[in-house]
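Residues 857 to 1084 (the numbering used here) are what the sequence shown spells out, left to right. Structure first, then comments.
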Amino acid sequence: MKHLKRILIAFSIVTIVLLLALIPLQQIAAPAPLFENMAAAPVNEVRALWVVRETMTSPEAVEKLVKQANANGFNTLIVQVRGRGDAYYNARWEPRATLLETQPDDFDPLALTIKEAHAAGIKVHAWINTYLVADAATLPKSPNHAMYKHPEWLAVPRGIANELYRGDPKAPNYRDTLVSYAQNNKEELEGIFFSPAHPGVKEQIYNLWIDITERYDIDGLHFDYIRY
């Protein structure tokens, strides 16, 4: 019995050796690519930092944010230059932001950010809040704000649509009704919005981005608050 086991083991070993000898010694070639002429995708990693408007209200603040962004490895700044229908740059179409009222008139947050960031090899994208133009709790101060100059541009919530349908947008109570509704329905409304259906709004938004792209050396443009 033991002799038979030895024979079987020896036979098995010989069989395995023979099978291994049949396997080619060279490595199996890698399959050819499906698209041989396709170039490799460029590696352009974006490490972007969203910069809210409150952090760029002085030259010192702008210089600090660029230094911190550079120190932490960011290569793109997405800078909020329009918050609530106001401008954190020298705009042609909208009033200067209230948070900049203590700064000299020649202080341009966007221009300085571009200058400092580009010197550090960082790109700058302009970020605008498109349709949200006012917080219900804190109304704009400037009489040149679109909310006061063009109340007909404002979106009317469904809850007061019938009430304001035949109303005169230029009448004070028209705007007051909108503000009151927004203040009393904060769970539904974040504030006062432009109506994207109004031709004047479309032209205004177009003018804004043309103004920015023509006069500032930005690397991109972002539209936020498209909702209404």
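Glycine is no exception: its CB is placed at the ideal position from the N, C-alpha and C atoms.
**Q.** Three CB pairs or more closer than 8 Å across the region 952-965 and the region 1012-1029
**A.** no
Q. Based on the DSSP secondary-structure assignment, which residues constitute the bridge partners of residue 907?
A. 935
Q.
Within a Cβ cutoff of 6 Å, which residues of the same chain sit near residue 1076, ignoring the five residues on either side of it in sequence?
A. 981
**Q.** CA nearest to the CA of residue 937, picked from 907, 929, 1045, 1002
**A.** 907
Q. Can you give the Cα-Cα distance for residue 951 and residue 945, rounded to whole angstroms?
A. 10 Å
Q: Select from 1014, 941, 949 the residue whose C-alpha is nearest the C-alpha of residue 986.
A: 941
Q) Under three-state DSSP, which class holds residue 1022? A) coil
Q: Over the uninterrupted alpha helix (DSSP H) stretch that includes residue 968, give me the two end residues.
A: 965-975
Q. Helix, strand or coil: how does DSSP classify residue 962 here?
A. coil
Q: Following the continuous alpha helix (DSSP H) through residue 1029, name the residue where it begins and the one where it ends.
A: 1028-1040
Q. Of all the options 911, 1053, 1063, which has the alpha carbon lying nearest to the alpha carbon of residue 934?
A. 911
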